[in-house]
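A quick write-up on the structure given underneath.
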Amino acid sequence: MFRTWLFLISGVAVVGARRLADVEALADASQPSECRRRRCPGAVPPAPPPAPGPEAAACRRRRCDAGPPTTPPPLGPMYKCETTPTWGLSSRMCCKWNPAHAACFSQNPRVHWRCASLTQGPEWATASMETCGRKDETGNWFDGRCVTEDHPDYDSAIDWDGSGIDMTRTPAPNRGRQVRHPPYSTPPPNPVSDDAIGWNPTSATAGTGYWCEVGVPPSDFRLGSCSGPEVEVKVLTYNQFWWRLYGEWGGADGSAGKLIRAHGPYDFMGFQECADVGRVLGDAGLSHEYTTYAGRNAVAIAWKTSDWRNVSVGCQDVAEDGRHQYYGYREVVWARLEHRATGKMAFFMTHHGPTPIDTAGGFCGPEATAYNILKVIAERAHNGDTVVVTGDFNAKAPQPEFDTVANTSTVEILERHMNLLYRGSVFHGIDNFYTNCATALETANLGLGDIDTLVWHRGQMVYGGSDHDALTVTMRL
Numbered sequence: 041m042f043r044t045w046l047f048l049i050s051g052v053a054v055v056g057a058r059r060l061a062d063v064e065a066l067a068d069a070s071q072p073s074e075c076r077r078r079r080c081p082g083a084v085p086p087a088p089p090p091a092p093g094p095e096a097a098a099c100r101r102r103r104c105d106a107g108p109p110t111t112p113p114p115l116g117p118m119y120k121c122e123t124t125p126t127w128g129l130s131s132r133m134c135c136k137w138n139p140a141h142a143a144c145f146s147q148n149p150r151v152h153w154r155c156a157s158l159t160q161g162p163e164w165a166t167a168s169m170e171t172c173g174r175k176d177e178t179g180n181w182f183d184g185r186c187v188t189e190d191h192p193d194y195d196s197a198i199d200w201d202g203s204g205i206d207m208t209r210t211p212a213p214n215r216g217r218q219v220r221h222p223p224y225s226t227p228p229p230n231p232v233s234d235d236a237i238g239w240n241p242t243s244a245t246a247g248t249g250y251w252c253e254v255g256v257p258p259s260d261f262r263l264g265s266c267s268g269p270e271v272e273v274k275v276l277t278y279n280q281f282w283w284r285l286y287g288e289w290g291g292a293d294g295s296a297g298k299l300i301r302a303h304g305p306y307d308f309m310g311f312q313e314c315a316d317v318g319r320v321l322g323d324a325g326l327s328h329e330y331t332t333y334a335g336r337n338a339v340a341i342a343w344k345t346s347d348w349r350n351v352s353v354g355c356q357d358v359a360e361d362g363r364h365q366y367y368g369y370r371e372v373v374w375a376r377l378e379h380r381a382t383g384k385m386a387f388f389m390t391h392h393g394p395t396p397i398d399t400a401g402g403f404c405g406p407e408a409t410a411y412n413i414l415k416v417i418a419e420r421a422h423n424g425d426t427v428v429v430t431g432d433f434n435a436k437a438p439q440p441e442f443d444t445v446a447n448t449s450t451v452e453i454l455e456r457h458m459n460l461l462y463r464g465s466v467f468h469g470i471d472n473f474y475t476n477c478a479t480a481l482e483t484a485n486l487g488l489g490d491i492d493t494l495v496w497h498r499g500q501m502v503y504g505g506s507d508h509d510a511l512t513v514t515m516r517l
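For the sequence shown, the numbering used here assigns the number 41 to the initial residue and increments by one for each residue that follows.
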């Protein structure tokens, strides 16, 4: 016991001595600091760290991924926004809603303007020098600054005196690093058959510099001609609104499936926002009657097994969402099918287009999206096949009242090379049917879902359907 106490006392004494030595050392080390704070005679303060230069600020803004900093071009005078070439775009694109009444604008119709904040608005003459001296979402400089009618500096602003809309800009060299890679690996495509329609574009390109770059076809390009016996078919396209109809409402008692069964049977069906085509057909009681093929991004097709034999199937990415409403890559899903009774060949495709709707074509633009769709058809369909393309293209129908390049959309470009069979009404006509030579016999808008289906959602009874109409066309191939 005596030894134990002796060891404990010795240990406490050693620890105490070490702590006292540490305190004394700290006190000695603090003397110069205290002396500097009191500005003692003879004390030399350390040199302050060098201030970060403009290169560091530019690097922070660009996250140091754009190489050496560059100097923005002069912004020029203050313009009136409504005189700029892209003012005719939607309010979401052009800051028309902005209470600060000021913005940085671009001549590129794919670029969202940069809106001034409420604190920047009154001082836009000076605040815009920093805000508009940055690059836009495509890696290019903004073209200038402008104010709207309610801004206090509007009377001193001038009308736009530059060139018109600029559709030819290529992405900045660093833009490729910011494009997301697909969350999957895609096998190399099968060789193009000698019997395919064929893709022979001009030297011009669309989506230049991006992964979706594609050649522009001649203005008179068409997807072959049809041959073989005539066959009457019924085709459906239907966006399933999966996240709400199935994710939140649990399928709403099979609302979509009941609608499909009530108006069938169909030869071909194309589905968008459809995470499980088997479930949809199961709700319709048709699982045993149809063969299905699904892509990687909630797009699927189905065909009547008893009438059509599968020759080949596939899917391919053709576009990417814009940065302001990004979900990922957008694909086409297709099948080349042979009619069992007559040997008639049909090429059926469905597509779910990139967002946002206000900038049709997403990140790649409407030209690249449309031409990539046409390229897949030209390389996978054969001469003599009747081509039928359906889908939710997320692109508004052409609007004659806005007959400018800025309003060019994916569907308007497709209609230069294919025939429109039928267009829906929701979201300004983004659901469509196209063909190379089929003839429409009957069209129908089936509505959003089964009319007798209601669901209890967030304390109220709501209609349990999709946000897109189911569309059907009976046609002669």
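Cβ atoms here follow ideal geometry from the backbone N, Cα and C, with glycine treated the same way. Bear in mind the structure is a predicted one, so any value in this text is a computation, not a measurement.
Ordered along the chain, which non-local residues of its own chain (more than five positions away) have a Cβ less than 7 Å from that of A437?
-> Translated into the one-based positions of the sequence shown, residue 437 becomes position 397. These residues qualify, in order along the chain: V451, R463, H468, G469.
Report yes if the CB atom of L481 is closer than 8 Å to the CB atom of T277, and no otherwise.
-> Taking the sequence shown and counting its residues from 1, one reaches residue 481 at position 441. Taking the sequence shown and counting its residues from 1, one reaches residue 277 at position 237. No, Cβ-Cβ distance for L481 and T277 is not below 8 Å.
State buried or exposed for D425, treating a residue as buried only when at least 16 other CB atoms are found within 10 Å of its CB.
-> Within the sequence shown, the letter at position 385 stands for residue 425. By the neighbour-count rule (16 or more Cβ atoms within 10 Å), D425 is buried.
Does the beta-carbon of Y369 have 16 or more other beta-carbons within 10 angstroms, so that it is buried, or is it exposed?
-> The residue labelled residue 369 in the question sits at position 329 within the sequence shown. Result: buried.
Alpha-carbon to alpha-carbon, R154 and C11 = Here the chain covers residues 41 to 517 and nothing more, so residue 11 does not appear.
Of all the options E189, W283, T242, T248, which has the alpha carbon lying nearest to the alpha carbon of S506?
-> As a working mapping, residue 506 is identified with position 466 in the sequence shown. Among E189, W283, T242, T248, the Cα nearest to that of S506 is on W283.
Quick one: Cα of M389 to Cα of Y366, how far?
-> Position 349 of the sequence shown, counted from the first residue, corresponds to residue 389. Position 326 of the sequence shown, counted from the first residue, corresponds to residue 366. Roughly 24 Å between the two C-alpha positions.
First and last residue of the beta strand (DSSP E) that includes D357?
-> For the purposes of this step, residue 357 is taken as residue 317 along the sequence shown, with counting starting at 1. Its beta strand (DSSP E) spans residues 348 to 360.
With 16 other Cβ atoms within 10 Å as the buried cut-off, status of L517 = Taking the sequence shown and counting its residues from 1, one reaches residue 517 at position 477. Classification for L517: buried.
Beta-carbon separation of V358 and T409 under 8 Å?
-> The count along the sequence shown starts at 1 and reaches residue 358 at position 318. The count along the sequence shown starts at 1 and reaches residue 409 at position 369. The answer is yes: Cβ separation under 8 Å.
A408, enclosing alpha helix (DSSP H) - first and last residue = Residue 408 sits at position 368 when you count from the first residue of the sequence shown. Looking at the DSSP string, the run of the alpha helix (DSSP H) that includes A408 is 406 to 420.
Burial state of S146, where buried means 16 or more other Cβ atoms lie within 10 Å | On the sequence shown, residue 146 is found 106 positions in, with the first residue counted as 1. It counts as buried.
For the alpha helix (DSSP H) holding A302, just list the boundary residues, first then last.
-> As a first step, residue 302 must be located in the sequence shown, where it is residue number 262. Per DSSP, A302 belongs to the alpha helix (DSSP H) from 295 to 303.
Between the Cα of N240 and the Cα atoms of G161, V317, G287, E419, which residue gives the shortest distance?
-> Here residue 240 corresponds to residue number 200 of the sequence shown, with the count starting at 1. Taking only the C-alpha atoms, the option nearest N240 is E419.
Return the CA-CA distance between Y194 and G431, expressed in angstroms with no decimal places.
-> Residue 194 sits at position 154 when you count from the first residue of the sequence shown. Residue 431 sits at position 391 when you count from the first residue of the sequence shown. One alpha carbon belongs to Y194, the other to G431, and they sit about 45 Å apart.
What whole-angstrom Cβ distance do I7 and V372 have, given they're in contact under 8 Å?
-> Outside the shown range of the chain, which is 41 to 517, sits residue 7, and nothing can be said about it.
Bounding residues of the beta strand (DSSP E) (the contiguous stretch that carries E272) | Residue numbering aside, residue 272 sits at position 232 when the sequence shown is read from its first letter. Counting along the chain, the beta strand (DSSP E) containing E272 begins and ends at 272 to 279.
For Y304, the nearest candidate out of C121, V275, S449, I237 (CA to CA) | The residue you call residue 304 lines up with position 264 of the sequence shown. Looking at the sequence shown, residue 304 is not Tyr but Gly. Ranked by Cα distance from G304, the first of C121, V275, S449, I237 is V275.
What does a CB cutoff of less than 8 Å around F261 pick up in its chain, not counting 5 residues either side in sequence?
-> Within the sequence shown, numbered from 1, the residue matching residue 261 stands at position 221. Cβ within range, chain order: L414, H457.
Pick from P114, A375, T188 that is closest to A142, judged by C-alpha positions | Counting from 1 along the sequence shown, the entry for residue 142 is found at position 102. Minimum Cα distance to A142 is reached at T188.
Contact under 8 Å by Cβ, T395 with V427 = Within the sequence shown, numbered from 1, the residue matching residue 395 stands at position 355. Within the sequence shown, numbered from 1, the residue matching residue 427 stands at position 387. No, Cβ-Cβ distance for T395 and V427 is not below 8 Å.
What is the rounded straight-line gap between the Cα of Y330 and the Cα of P125?
-> By one-based count along the sequence shown, residue 330 stands at place 290. By one-based count along the sequence shown, residue 125 stands at place 85. Taking the CA atoms as reference points, Y330 sits about 51 Å from P125.
One or two residues paired with N459 in a DSSP bridge = Working through the sequence shown from its first residue, we reach residue 459 at position 419. Secondary-structure assignment with DSSP links N459 through a beta bridge to T475.
Are the CB atoms of D235 and H422 nearer to each other than 8 Å?
-> If you number the sequence shown from 1, residue 235 lands on position 195. If you number the sequence shown from 1, residue 422 lands on position 382. Yes.
Do E313 and Q356 have their C-beta atoms within less than 8 Å of each other?
-> Working through the sequence shown from its first residue, we reach residue 313 at position 273. Working through the sequence shown from its first residue, we reach residue 356 at position 316. Going by C-beta atoms, E313 is not nearer than 8 Å to Q356.
Identify which residue in E253, G179, A165, P149 has its Cα closest to the Cα of D206.
-> The count along the sequence shown starts at 1 and reaches residue 206 at position 166. Closest by alpha carbon: P149.
What separation, rounded to the nearest whole angstrom, lies between the Cα atoms of F433 and G268?
-> On the sequence shown, residue 433 is found 393 positions in, with the first residue counted as 1. On the sequence shown, residue 268 is found 228 positions in, with the first residue counted as 1. Answer to the nearest angstrom: the Cα atoms are 30 Å apart.
Under 8 Å by Cβ, that's how I've got D361 and F403 pegged, so tell me the actual separation to the nearest angstrom.
-> If you number the sequence shown from 1, residue 361 lands on position 321. If you number the sequence shown from 1, residue 403 lands on position 363. The beta-carbon separation of D361 and F403, rounded to 6 Å, stays under the 8 Å limit for a contact.
Return the chain-ordered list of same chain residues with a C-beta closer than 7 Å to the C-beta of N350, the five sequence neighbours on each side being excluded.
-> Residue mapping note: residue 350 aligns to position 310 of the sequence shown, counting from 1. Apart from sequence neighbours up to five positions away, the residues of its chain that approach N350 with a beta-carbon distance below 7 Å are T331, A375, L377, ordered along the chain.
Using 10 angstroms around the beta-carbon of R380, count the other beta-carbons present and answer buried if the total reaches 16, otherwise exposed.
-> The residue labelled residue 380 in the question sits at position 340 within the sequence shown. Label assigned to R380: exposed.
Residues near D347 by beta carbon distance below 8 Å, same chain, minus five either side | Position 307 of the sequence shown, counted from the start, is the residue given in the question as residue 347. For D347, where only same-chain residues beyond five positions count, the Cβ hits under 8 Å are D307, H379, R380, A381.
By Cβ distance, which residues of its chain are closer than 7 Å to G294, with the 5 residues on each side in sequence left out?
-> Here residue 294 corresponds to residue number 254 of the sequence shown, with the count starting at 1. Only D323 meet the Cβ criterion.
For S449, which residues of its own chain have a beta-carbon under 7 Å away from its beta-carbon, when the five flanking residues on both sides are left out?
-> The sequence position of residue 449 within the sequence shown is 409, counting from 1. These residues qualify, in order along the chain: A400, P406, A435, K436, P438.
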